[in-house]
């Protein structure tokens, strides 16, 4: 399941960004490697590496197996410093922009590609709602294919935007596929537990 305790927007890395590129970038940035956590699928733990940025914060590289994307996030109590660090990562590594993620959503007509692009979009969405993202994810939640509707549900969870409460309630109450309805209810519970929506 998605981790909603993100400390910044997630920068989704392009597939060709490998461990060597990340290591070279972080070394060049002068960040101190603090360690990593091995993946543990049985406990829902993804691989994560962490660096100290010497600005009172840290950078985390996470391989999210649920959304099938690698991303980087920044933790810093000063929002402006966190944003500067994110910009530095965007300048130094190949990441998906919001426009690119949206464009990618519109090129897939087959359910598997559509679902993958939806999860990437949800995971890489900004911290605050963007109308074009909300519209596309809600549109996708009405797709004929249950796998696309399920991906839309989890994209909604990844964004952690309260704007998705109504579509999730609709899916939980009225979707013809029992698994889709069940996952929509789980999504609502996770958003409520995280304080995104009222319980």
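In my numbering, the protein residues as written are 21 to 219.
For glycine and all other residues, C-beta sits at the position ideal for the given N, C-alpha and C.
Note that the structure is predicted; figures quoted are calculated from it, not measured.
Check: Between the Cα of residue 180 and the Cα atoms of 120, 111, 139 and 106, which residue gives the shortest distance?
Finding: Sequence index remark: in the chain shown, residue 180 carries index 160 (1-based). It is 139.
Check: Taking buried to mean at least 16 other C-beta atoms within 10 Å of its own C-beta, is residue 90 buried or exposed?
Finding: Stepping through the chain shown from its first residue, residue 90 is reached at position 70. So residue 90 counts as buried.
Check: Which residue or residues does DSSP assign as beta-bridge partners of residue 116?
Finding: For the purposes of this step, residue 116 is taken as residue 96 along the chain shown, with counting starting at 1. In the DSSP output, where bridge partners are listed per residue, residue 116 has none listed.
Notebook entry, point to check: Across which residues does DSSP place residue 69 in a beta bridge pair?
Noted result: Looking up residue 69 in the chain shown gives position 49. Paired residues: 56 and 81.
Check: When burial is assigned at 16 or more other CB atoms within 10 Å of the CB, is residue 53 buried or exposed?
Finding: Taking the first residue of the chain shown as 1, we reach residue 53 at position 33. Per the 10 Å Cβ criterion, exposed.
Notebook entry, point to check: Going by other Cβ atoms of all chains shown within 10 Å of its Cβ, with 16 needed for buried, is residue 146 buried or exposed?
Noted result: The sequence position of residue 146 within the chain shown is 126, counting from 1. Residue burial annotation: residue 146 is exposed, with fewer than 16 other C-beta atoms found within 10 angstroms of its C-beta.
Check: Residues bridged to residue 91 by DSSP?
Finding: Start at 1 with the first residue of the chain shown, and residue 91 comes out as number 71. Answer is 32 and 82.
Item checked: Buried versus exposed, by CB contacts within 10 Å (16 or more), residue 218 -> Start at 1 with the first residue of the chain shown, and residue 218 comes out as number 198. Result: exposed.
Margin query: Rounded to whole angstroms, what is the Cα-Cα separation between residue 31 and residue 194?
Written below: Taking the first residue of the chain shown as 1, we reach residue 31 at position 11. Taking the first residue of the chain shown as 1, we reach residue 194 at position 174. Roughly 34 Å between the two C-alpha positions.
Notebook entry, point to check: Hey, how far is the Cα of residue 50 from the Cα of residue 118?
Noted result: Within the chain shown, numbered from 1, the residue matching residue 50 stands at position 30. Within the chain shown, numbered from 1, the residue matching residue 118 stands at position 98. Looking at the two C-alpha atoms, the distance is approximately 28 Å.
Notebook entry, point to check: In or out: residue 100 buried (at least 16 other Cβ within 10 Å) or exposed?
Noted result: Taking the chain shown and counting its residues from 1, one reaches residue 100 at position 80. Residue environment: residue 100 is assigned as exposed (fewer than 16 neighbouring CB atoms within 10 Å of its CB, all protein chains considered).
Notebook entry, point to check: What does residue 96 pair with, by DSSP beta-bridge criteria?
Noted result: On the chain shown, position 76 is the one that residue 96 refers to. Residue 96 is bridged by DSSP to 77.
Margin query: Our contact map puts residue 172 next to residue 160 with C-beta atoms below 8 Å; I'd like the distance itself, whole angstroms only.
Written below: Position 152 of the chain shown, counted from the first residue, corresponds to residue 172. Position 140 of the chain shown, counted from the first residue, corresponds to residue 160. Residue 172 to residue 160, Cβ: 4 Å. Contact.
Check: Under 8 Å between the Cβ atoms of residue 76 and residue 97?
Finding: Position 56 of the chain shown, counting from 1, holds the residue named residue 76. Position 77 of the chain shown, counting from 1, holds the residue named residue 97. The criterion of a C-beta distance shorter than 8 Å is satisfied by residue 76 and residue 97.
Next item on the list: Grab the span of the alpha helix (DSSP H) containing residue 187 for me, first residue to last.
Entry: As a first step, residue 187 is located in the chain shown; it is residue number 167 there, counting from the start. It spans 185-194 - the alpha helix (DSSP H) in which residue 187 sits, taken as one unbroken run.
Check: Going by beta carbon distance, what residues of the same chain come within less than 8 Å of residue 162, once the five residues before and after it are set aside?
Finding: Position 142 of the chain shown, counted from the first residue, corresponds to residue 162. Within the same chain, 169 come within 8 Å of residue 162 by CB-CB distance, once the 5 residues on both sides are set aside.
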